[in-house]
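Take any residue in the sequence shown, note its place counting from 1, add 9, and you have its number in the working numbering.
Every residue gets a Cβ at the ideal spot worked out from N, C-alpha and C, and that includes glycine.
Predicted model only: the values in this text are computed from it and were never measured.
Written out below as structure tokens is the structure these notes cover.
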Amino acid sequence: MRSQAPALDTGLEPHRMVTVATFTDLTTAEAALGVLESEGLPASIPNAQLLGLDVRMSNAVGGIVVQVPAELESQAREILEGQPAAAAPDHPGPACPFCGSRESRADRSRKRLLALTLLFPPLVLLAIPAYLLSRGMLECLSCGKYWRPER
Numbered sequence: 010m011r012s013q014a015p016a017l018d019t020g021l022e023p024h025r026m027v028t029v030a031t032f033t034d035l036t037t038a039e040a041a042l043g044v045l046e047s048e049g050l051p052a053s054i055p056n057a058q059l060l061g062l063d064v065r066m067s068n069a070v071g072g073i074v075v076q077v078p079a080e081l082e083s084q085a086r087e088i089l090e091g092q093p094a095a096a097a098p099d100h101p102g103p104a105c106p107f108c109g110s111r112e113s114r115a116d117r118s119r120k121r122l123l124a125l126t127l128l129f130p131p132l133v134l135l136a137i138p139a140y141l142l143s144r145g146m147l148e149c150l151s152c153g154k155y156w157r158p159e160r
């Protein structure tokens, strides 16, 4: 018969950690972690080592999360809500003609199209017209529609 090893009694009660914020990039998550630690709250990014190896894994593990002990959750959320948004643009783009939002970015489909033609070279002939037509397009971050701004 096998005997089980006795459980170690360290006298410390383990903290139940709760997620107070979820991010899509490691840099922003580490900035939030630094804010919480500078306020004296113990915080961690539990999957930081995995994401340090391959950031693309963040979607597979549910995003990059910042966690604090459960009893400090409300205090941590207050601290993080008081911080300015990291993604807020200094100079908003042109207004979207569909929803009126000023949050826009350059269309990324051109880069995807180029990557696809590198993987499948025969697609170059089909991709050239699409690549040229998508030049100068903007994508609205609010409604997801694409448009060409007036010049």
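Euclidean distance between Cα positions of residue i and residue j
i      : j      : result
Gln76  : Glu112 : 29 angstroms
Glu48  : Asp34  : 22 angstroms
Cys105 : Cys149 : 6 angstroms
Leu135 : Ser118 : 15 angstroms
Leu122 : Tyr140 : 7 angstroms
Trp156 : Met26  : 44 angstroms
Lys154 : Glu39  : 31 angstroms
Thr126 : Ala115 : 20 angstroms
Ala30  : Leu128 : 37 angstroms
His24  : Ala79  : 7 angstroms
Ser110 : Thr37  : 24 angstroms
Ala14  : Asn56  : The pLDDT assigned to Ala14 is 49, lower than 50, so where the model puts this residue is not dependable, and the model offers no usable value.
Ser83  : Gln58  : 26 angstroms
Glu87  : Asp63  : 31 angstroms
DSSP three-state assignment for residue i, whether helix, strand or coil
i      : result
Asp99  : Residue placement at Asp99 is poorly supported in this model, since its pLDDT is 49, which falls under 50; the coordinates are not used for a value here.
Arg114 : strand
Pro78  : strand
Thr28  : strand
Glu48  : coil
Leu147 : strand
Ile88  : helix
Ile54  : coil
Residue i and residue j closer than 8 angstroms at C-beta
i      : j      : result
Cys108 : Ser143 : no
Ile54  : Leu45  : no
Val70  : Thr28  : no
Phe32  : Gly91  : no
Leu147 : Pro158 : yes
Leu50  : Leu81  : yes
Ala52  : Ala85  : yes
6 angstroms Cβ shell around residue i - same chain, five flanking residues per side excluded
i      : result
Lys120 : none
Ala96  : Because Ala96 carries a pLDDT of 48, less than 50, the predicted location of this residue cannot be relied on, and no value is offered for it.
Val133 : Thr126
Pro103 : Pro158
Close Cβ partners of residue i (< 7 angstroms) along its chain, the five nearest in sequence each way excluded
i      : result
Gly145 : Arg157
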